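Per this note's numbering, the very first residue in the sequence shown carries number 150; after that it's consecutive.
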Amino acid sequence: MKGVNVVVVGAGVIGFSTAVCIAEALPSCSVTLLADKFSPDTTSDGAAGILFAAKFPDVPLERQRRWFKDSFDHLLAIAQSQHSPEAGVMLSSGWQIFREAPADIRPFWSEFVIGFRLMTDRELERFPDHAFGQAFTTIKCECSSYLPWLEKRFRKAGGQVQQMKVNNLQELSNSYDIIVNCSGLGSKALVGDAQVYPVRGQVLKVEAPWLQHFIRDGDGKTYIYPGVHSVTVGGTRQEGDGRLQVDAGDTRSILERCVRLEPSLGEAKVLSEWVGLRPSRRNPRVEREAVQLRGRRVPVVHNYGHGGWGVTLAWGTALDAVGLVRQCLHEKPPQAKL
Ligand SMILES: Cc1cc2nc3c(=O)[nH]c(=O)nc-3n(C[C@H](O)[C@H](O)[C@H](O)COP(=O)(O)OP(=O)(O)OC[C@H]3O[C@@H](n4cnc5c(N)ncnc54)[C@H](O)[C@@H]3O)c2cc1C
């Protein structure tokens, strides 16, 4: 009989990564994952899943480097194993290009990806609107495969999964000793966090099997990411926009911008269109607190607000969340009734 009941709320890439890390690292815990939406209906499912990141303003850089490195190393091991096709994790090489050189020409993650270098003038000739570029090999993690793969791994570690909308944390306090909140944008309502907001992203999947290399404009708005079955082209970054409907104007603009970067895309067939809302916050919230619920103080570990970098940082922040759960276990004996 396992002693401590832990519940993880959220079945996106953050929830499943965190649930797997807890179930595997803390076998004395019984871990249940609850969510109202599962793959293929989460935001994570539609993410292009390319690993690189921007800096969060108030998180110590060392911590951000660790998040990136831990995630990269974890996914690299999968990409280089027999699990790669089932997990949807692959190496991906290409270019990030800029109209003018950015302030930070070697970003903090450049030492963790493979073969990072600045592009030569000759390589830049094919991008006449751009004067500077970085070439490197990173990872593409397709969550429509990766989430079901993580779910299997979670169940194998003894985890349980249940579909349920959680209206408030009180509902969980009788059954669980520790609550782990990975509800992404849902945290606005679930824990009343007014700092979390949507950044709308629209992407298309196109058939262009001749494309093998990613191209990303450094402004983050235009990108071409070849994947296992199709090429993801995007995108948009509309702050505070919660519309989930496909916008025909955005589709036109995405195609125009991507064809300008890669003219052969003019011949590609559009397979599907998708909109997702990035769960954005000035900084992701990876911390613990004790919340007064039905007359007792219940430890709550938060792990949400990863914005446009959730796939990139999922494993690294999940490892931090396990450390926080461990601290809760040391400080407080289990009290839940069930
Ligand atoms: C167009 C687009 C492209 C992207 N590309 C990339 C990329 O290339 N690389 C990258 O790293 N990131 C990318 N992202 C960002 C990435 O998708 C997110 O950071 C990531 O998916 C966030 O994961 P999450 O688990 O926090 O949220 P979600 O995937 O949204 O999961 C949240 C979960 O919480 C559950 N939930 C919420 N509230 C409740 C509740 N009250 N009760 C029960 N369950 C609840 C939901 O049902 C869901 O299961 C992209 C995003 C978009 C939109």
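Idealized CB from N, CA, C, for every residue including glycine. Since we're looking at a predicted model, the values are computed, not measured.
- Query: Of all the beta strand (DSSP E) runs that stay within the bounds of the stretch 170–225, which reach a length of 3 or more residues?
  - Reply: Complete beta strand (DSSP E) runs here, min 3: 178–184.
- When DSSP labels each residue in this structure, what does residue 240 get in the three-state scheme? Of the three classes helix, strand and coil, the one that applies to residue 240 here is strand, per DSSP.
- Message: Per DSSP, what are the beta-bridge partners of residue 353 in this structure?
- Response: Looking at the DSSP assignment, residue 353 forms a beta bridge with 382 and 422.
- So, helix, strand or coil for residue 412, using DSSP? In the structure shown, residue 412 falls within a helical segment according to DSSP collapsed to helix, strand and coil.
- In chain order, what residues of the same chain have a beta carbon less than 6 Å from the beta carbon of residue 413, not counting five sequence neighbours either side? Leaving aside the five residues that flank residue 413 on each side, none in its chain has a CB nearer than 6 Å to its CB.
- So is the beta-carbon of residue 322 under 7 Å away from any non-hydrogen atom of ligand 1? Residue 322: no, Cβ never under 7 Å from ligand 1.
- Straight-line Cα distance separating residue 183 from residue 304: It is roughly 13 Å from the alpha-carbon of residue 304 to the alpha-carbon of residue 183.
- Quick one: Cα of residue 167 to Cα of residue 468, how far? Here the alpha carbon of residue 167 sits roughly 7 Å from the alpha carbon of residue 468.
- Item | Among 406, 292, 399 and 446, the one whose alpha carbon lies nearest that of residue 224 | Each of 406, 292, 399 and 446 was checked against the Cα of residue 224, and the nearest Cα belongs to 292.
- Determine, using beta-carbon pairs with one atom in the stretch 222–236 and one in the stretch 318–330, whether at least three such pairs fall under 8 Å. In the pairwise beta carbon analysis, the stretch 222–236 is classified as not touching the stretch 318–330: fewer than three pairs are separated by under 8 Å.
- Query: Can you check whether the CB of residue 201 is closer than 8 Å to the CB of residue 250?
  - Reply: The Cβ atoms of residue 250 and residue 201 do not sit closer than 8 Å to each other.
- Which same chain residues, not among the five before or five after residue 173, have their C-beta less than 7 Å away from its C-beta? Result list for residue 173: 306, in chain order.
- Between which two residues does the beta strand (DSSP E) carrying residue 438 extend? Residue 438 -> beta strand (DSSP E) spans 434–442.
- Item | Where the alpha helix (DSSP H) containing residue 301 begins and where it ends | Run containing residue 301: 292–305, per the alpha helix (DSSP H) assignment.
- Message: Below 8 Å, how does it come out for the stretch 188–208 and the stretch 427–443: are there three or more Cβ pairs, yes or no?
- Response: The answer is yes - the stretch 427–443 touches the stretch 188–208, with three or more Cβ pairs under 8 Å.
- Item | Check: residue 427 C-beta below 7 Å from any heavy atom of ligand 1 | Checking every heavy atom of ligand 1 against the Cβ of residue 427, one is found closer than 7 Å.
- Query: Can you name the start and end residues of the beta strand (DSSP E) that residue 473 belongs to?
  - Reply: Annotation for residue 473: no beta strand (DSSP E) segment contains it, though the alpha helix (DSSP H) segment containing it runs 459–480.
- Message: Quick check on this structure: which residue in 268, 392, 351 and 300 has the alpha carbon closest to the alpha carbon of residue 247?
- Response: The shortest Cα separation from residue 247 among 268, 392, 351 and 300 belongs to 268.
- Task: Sort out for me which residues DSSP pairs residue 366 with in a bridge.
- Result: Assignment of beta-bridge partners to residue 366 by DSSP yields 246.
- residue 378 to residue 355 span [Cα, whole Å]: Taking the straight line joining both Cα atoms gives about 9 Å.
- Message: Looking at residue 170: is its Cβ nearer than 8 Å to the Cβ of residue 237?
- Response: Result no, Cβ atoms of residue 170 and residue 237 do not sit closer than 8 Å.
- Item | Presumed contact (8 Å Cβ cut-off) between residue 339 and residue 165, rounded CB distance | Between residue 165 and residue 339 the Cβ distance is about 18 Å, and since that is not below 8 Å, they are no contact.
- Query: Just to check, is the beta-carbon of residue 364 closer than 7 Å to a non-hydrogen atom of ligand 1?
  - Reply: For ligand 1, not one heavy atom lies less than 7 Å from the Cβ of residue 364.
- May I ask which residues mark the beginning and end of the alpha helix (DSSP H) holding residue 271? In the DSSP assignment, residue 271 falls within the unbroken alpha helix (DSSP H) covering 270–273.
- Three-state secondary structure (DSSP) at residue 159? Assignment of residue 159 by DSSP, reduced to helix, strand and coil, places it in the coil class.
- Item | Check whether residue 382 and residue 352 have beta carbons under 8 Å apart | The Cβ atoms of residue 382 and residue 352 lie closer than 8 Å to each other.
- Item | N- and C-terminal bounds of the alpha helix (DSSP H) containing residue 339 | 336–339 is the span of the alpha helix (DSSP H), which, as asked, contains residue 339.
- Which residues mark the beginning and the end of the beta strand (DSSP E) in which residue 267 is found? According to the DSSP assignment, residue 267 belongs to the beta strand (DSSP E) that extends over 263–267.
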